[in-house]
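Right, one structure below, let's go through it.
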Amino acid sequence: MSTPLLRLSPLHEAYRDQVAEWAVVNGMELPRAFGTRSEASLSDVSALARCGCKGPGAAQWLAAQGLPVPGTYNSWNSTENGIVARLAATEFFIEDSRPDFIEGLRTALGRGARAASGPCYPVMREDAALVLSGPRANEVLLQTCSVDFASLDLAKQPLVMTSMIGVSVLVIPRHCRKDGIAYRIWCDPTFGPYLWRTLLDIVRELGGDATAFDFSL
Amino acid sequence: MSVGWAGAAPLLYQAGARMEFDAQLQQFVPTVLPEGIYAAGRVNGVYSFEHKLDDGASAGNAAAAHARDPAGAEAVAPSPRHARAVSGTPSHPYPIYAHANGRNFVDFDEDLQLQDFFNAAQEGFDNIELMKRYSTVGMGPSQGKHSNMNAIRVLAKIRGQSPGEVGSTTARPMFHPVPMAHLGGRGFMPERATPLQARHAAAGAVWMQAGQWQRPEYYAMEGQTREAAIRAEVAAVREAVGIIDVGTLGKIEIYGRDAGAFLEHIYTARFAGMKPGSTRYGLMVDESGVVIDDGVIARLAEEHFYFTTTTTGSATVYRELTRLNAMWRMEVGIVNVTGHFAAVNLAGPRSREVLRQLTALDLSEAAFPYLGAREADVAGLPARLLRVGFVGELGYEIHVSASGAAHLWDRLIAAGAAHGIRPFGVEAQRLLRLEKGHIIIGQDSDGVTNALELNMDWALKMDKPFFVGQRSLQAMSRLPRKQTLVGFTLDDAAAGVPKECHLVIEAGEIAGRVTSIALSPTLGKVIGLALVNPALAKTGQTLSIRIDGGAMVRATVADTPFYDPQNARQKMPEAA
């Protein structure tokens, strides 16, 4: 018996009419096939699980959970199946491909925990999450925000918080095998459809398209 | 207000053009242009379309000739005089008419009134350059684009000279026209959508703008007018069950040891002693006692509160809370989860029966009473449930993660089908809350309305040690009120129905304004709220309201709530 579908991506309505074949990832319906990638591609990865925490004790609490806490804010560290990003001195964002792992963190934190350095509080994260990649991806960013991503030293694992087409976003640029640099972008889910439509418009102008993300990689 | 044109001449001034005042045109026009500089259009005093085309062609030809051969005869700037309109001027010679009792603004940037110019001249600052520096006319964001010419006219009148004799001020860089890149570039208009947008569209939503959101104003039904559709939505809520997407409300969480004390500082009510599992109305005022936001505050646990703000207030409230705690240093964590939670209000006498199909939570009146808050699974999703009464019926605000919203909506619609469930939009909600006499901040209040004027004394715990705005409210409570919010019913709708913002007139003077008004299908009459002079606030008092066209209609001040004043609808017996 199939499990009833409970979750929809915040971007679902933005591309629903363009998708013929669907897959279910972490209980969320996502495109199995989309356009063909070329100069730039935009993918929906909102199905990845995520959570956040903040407070004076957040760094210590995360470290106590065995997570590699970035030493400085506006940077991130890899975990086995995801990332830990430091948004501020006392605020963190965790994303992982295993929903059980995130659920475990949420349960452990409950309504808050206390470390030696102070309290740590949970932050609900239902972000719209995108991947922008391809040879002309940086051109999309040049048209939509004021950060020069080409000048960043990716070895320092930077995280950028900026405004993109009027929407507050987190962006992590990282090297990837297939496309050179891929940009992970997160925003408030209610801005997701607008961000997706606008970015896709520019991506298509540059010879790219929406693509289905391969979660098996 | 439009009383003519003031040519955008600063760039010509900066280039060294000589300008003189043309009395026929009532504007400064260039008489001598520097080499290689050409002007065309209204700055030349040319207004008709054909003349502007001619003027543009001749300036353009001269500019092209100058580019080819700067010393050539064709490169000389053509005199613009030949092209000027001869059919009069669109500019009034003196468009300033003093009003004996009013404020006569000349510069809207700097709030300068006519009297400020008279005062400046009287103090001896009667040269245009001195007057500019003394009064700051033209120094605001618009760089004098709308005020400089009128300031010159005012000074000319004071000195008994022509504007040409008064002259103009020196135009200095930077002059900011609209950059071409702004016109040619991609236009971005951020918009927000709740996760139920597609459900609304499928149900026939007719959209309305609410800040950055698009919200269903009502749901169109085939063969029904807008009014009939709204009436049907109201009837569904009053008689059966309705569902509305309230995901646009701001949603904020406060954690920590000081969470209750922090909210006591922010809101006017008491929260420290509130029991987990309960909700309370929260009214927020600023330092001057002006009402700025409201919402429902739920205590989910000893150190965990979850509360809503107005749709447009979430970011402002969150920023303000963060700012205040940067000063107060209380032990709290403030989290803005507005977009991360979706919310619907399931309301109506049959809402309990619909919800009961989807949750194991005990919904009995004893177990989950009015103003209660619970956490439980609904349709398989972890949910927060608040017993609220904004629309005046038994109702449950159900908050779930944004990604689960569509699933929740579908299940509620399916469970409510046998009970006649109907989605309702913002218009029906406005009407339902008006029948209940509930205010909407920003509609029934404005940027200067304080809590006392809204008769919200009941929400003000003045004996608390502190809340933001308390001192101002204490001071104002000792003074006579300037206005009071009252309910009213219209005496005779056939004589004409006022609109929001129509004025209440008493003895020929403005004595208030209508803030909300609608035909109540439940009560069968037109009801409304108005901010009026306190002398007119007594129940039974007749109000005269001026409607479109100038006719006066009569209304009578009435007690609120108009509907269910005893709140009996919140204690509906359970269905057998």
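Line order of the protein sequences matches chains A and B. The letter at position 41 of the first sequence is residue 41 when you use the numbering used here, and the numbering goes up by one with no holes. Offset between the second sequence (1-based) and the numbering used here: plus 217. All C-beta atoms, glycine included, are put in the ideal place defined by N, C-alpha and C.
Between the CA atoms of residue j and residue i - distance to the nearest angstrom
{"i": "Gly504/B", "j": "Met679/B", "result": "According to the sequence displayed, residue 504/B carries Glu and not Gly. Computed Cα separation, rounded: 14 Å."}
{"i": "Gln429/B", "j": "Asp462/B", "result": "15 Å"}
{"i": "Ala515/B", "j": "Asn26/A", "result": "31 Å"}
{"i": "Leu251/A", "j": "Asp209/A", "result": "This structure does not reach residue 251/A, given that chain A is present from 1 up to 217, and the question cannot be answered."}
{"i": "Thr3/A", "j": "Ala710/B", "result": "Confidence at Thr3/A is low in this model, with a pLDDT of 43, below 50, so the placement of that residue is unreliable and no value is reported for it."}
{"i": "Asp781/B", "j": "Leu611/B", "result": "12 Å"}
{"i": "Gly233/B", "j": "Ala338/B", "result": "29 Å"}
{"i": "Gly52/A", "j": "Val685/B", "result": "30 Å"}
{"i": "Asn562/B", "j": "Arg604/B", "result": "9 Å"}
{"i": "Pro119/A", "j": "Thr211/A", "result": "41 Å"}
{"i": "Arg86/A", "j": "Ala58/A", "result": "10 Å"}
{"i": "Gly421/B", "j": "Arg639/B", "result": "12 Å"}
{"i": "Ala226/B", "j": "Phe405/B", "result": "31 Å"}
{"i": "Met547/B", "j": "Tyr523/B", "result": "17 Å"}
{"i": "Ser662/B", "j": "Ala728/B", "result": "16 Å"}
{"i": "Cys145/A", "j": "Ser265/B", "result": "42 Å"}
{"i": "His299/B", "j": "Asp328/B", "result": "Its pLDDT being 49, under 50, His299/B is placed unreliably in this model, and the value from its coordinates should be taken loosely. If I take the Cα positions, the gap works out to 39 Å."}
{"i": "Phe392/B", "j": "His283/B", "result": "25 Å"}
{"i": "Thr701/B", "j": "Gly609/B", "result": "23 Å"}
{"i": "Asp776/B", "j": "Thr759/B", "result": "13 Å"}
{"i": "Gly506/B", "j": "Ser689/B", "result": "6 Å"}
{"i": "Met218/B", "j": "Ala49/A", "result": "Annotation note: pLDDT 49 at Met218/B (below 50); position unreliable, no value reported."}
{"i": "Ser275/B", "j": "Glu291/B", "result": "10 Å"}
{"i": "Leu740/B", "j": "Ala453/B", "result": "15 Å"}
{"i": "Ile744/B", "j": "Ile722/B", "result": "18 Å"}
{"i": "Lys362/B", "j": "Asp326/B", "result": "10 Å"}
{"i": "Asp708/B", "j": "Val770/B", "result": "8 Å"}
{"i": "Gly71/A", "j": "Val549/B", "result": "24 Å"}
{"i": "Arg350/B", "j": "Ser359/B", "result": "16 Å"}
{"i": "Arg11/A", "j": "Ala415/B", "result": "It should be pointed out that residue 11/A corresponds to Leu in this sequence rather than to Arg. The alpha-carbon atoms of Leu11/A and Ala415/B are separated by roughly 11 Å."}
{"i": "His616/B", "j": "Ile656/B", "result": "23 Å"}
Beta-carbon spacing of residue i, residue j below 8 Å
{"i": "Gly262/B", "j": "Asp286/B", "result": "no"}
{"i": "Ala619/B", "j": "Ala668/B", "result": "no"}
{"i": "Ala137/A", "j": "Tyr183/A", "result": "yes"}
{"i": "Ala590/B", "j": "Arg573/B", "result": "no"}
{"i": "Ala115/A", "j": "Gln65/A", "result": "no"}
{"i": "Leu42/A", "j": "Ser9/A", "result": "no"}
{"i": "Leu746/B", "j": "Leu651/B", "result": "yes"}
{"i": "Pro307/B", "j": "Trp222/B", "result": "yes"}
{"i": "Thr666/B", "j": "Leu748/B", "result": "yes"}
{"i": "Ser379/B", "j": "Ile345/B", "result": "no"}
{"i": "Ser733/B", "j": "Gln687/B", "result": "no"}
{"i": "Val458/B", "j": "Gly725/B", "result": "no"}
{"i": "Arg32/A", "j": "Trp22/A", "result": "yes"}
{"i": "Gly134/A", "j": "Ala40/A", "result": "yes"}
{"i": "Ala388/B", "j": "Gln231/B", "result": "yes"}
{"i": "Val160/A", "j": "Cys187/A", "result": "no"}
{"i": "Val554/B", "j": "Met124/A", "result": "yes"}
{"i": "Ala564/B", "j": "Thr576/B", "result": "no"}
{"i": "Ala596/B", "j": "Pro412/B", "result": "no"}
{"i": "Gly473/B", "j": "Phe488/B", "result": "no"}
{"i": "Ala518/B", "j": "Arg111/A", "result": "yes"}
Expected contact under 8 Å - CB spacing of residue i and residue j to nearest Å
{"i": "Phe334/B", "j": "Met348/B", "result": "7 Å"}
{"i": "His636/B", "j": "Glu570/B", "result": "6 Å"}
{"i": "Val246/B", "j": "Glu237/B", "result": "7 Å"}
{"i": "Asn81/A", "j": "Asp96/A", "result": "5 Å"}
{"i": "Gly512/B", "j": "Thr533/B", "result": "Their Cβ separation, rounded to whole angstroms, is 13 Å, which puts Gly512/B and Thr533/B out of contact at 8 Å."}
Contact with chain D by residue i, beta-carbon distance below 8 Å
{"i": "Gln157/A", "result": "Given the protein chain composition of this structure (A and B), no chain D is represented."}
Stretch-stretch touch, CB-based, cutoff 8 Å, three pairs: the segment 430 to 438 of chain B with the segment 641 to 650 of chain B: yes
Residues within the segment 59 to 76 of chain A neighbouring chain B, beta-carbon criterion of under 7 Å: none
Meets three-Cβ-pair contact criterion under 8 Å: the segment 516 to 531 of chain B and the segment 467 to 485 of chain B: yes
The segment 758 to 772 of chain B contacting the segment 706 to 726 of chain B, beta-carbon criterion three pairs below 8 Å: yes
Contact set between the segment 595 to 628 of chain B and chain A, restricted to residues whose Cβ is under 7 Å from the partner: Gly597, Leu598, Ser618, Ala619, Ser620, Gly621, Ala623, His624
Members of the segment 511 to 522 of chain B near chain A, C-beta cut-off 7 Å: Ala518, Glu520, His521
Short-range partners of chain A found in the segment 401 to 420 of chain B, where Cβ spacing is below 8 Å: Arg403, Phe405, Met406, Pro407, Glu408, Arg409, Ala410, Thr411, Pro412, Gln414, Ala415
Contact between the segment 147 to 154 of chain A and the segment 577 to 590 of chain B (3+ Cβ pairs under 8 Å): no
Selection of the segment 544 to 559 of chain B by Cβ proximity to chain A, strictly under 8 Å: Those would be Glu548, Gly550, Val552, Val554, Thr555, Gly556, His557, Phe558, in chain order.
Residues of the segment 175 to 194 of chain A with Cβ closer than 7 Å to any Cβ of chain B, in chain order: Within the segment 175 to 194 of chain A, those residues whose Cβ lies closer than 7 Å to any Cβ of chain B are, in chain order, Asp188, Pro189, Thr190, Phe191, Pro193, Tyr194.
Within 7 Å of chain A by C-beta, residues of the segment 462 to 481 of chain B in sequence order: For the segment 462 to 481 of chain B, which is checked against every Cβ of chain A, the residues closer than 7 Å are Tyr472, Gly473.
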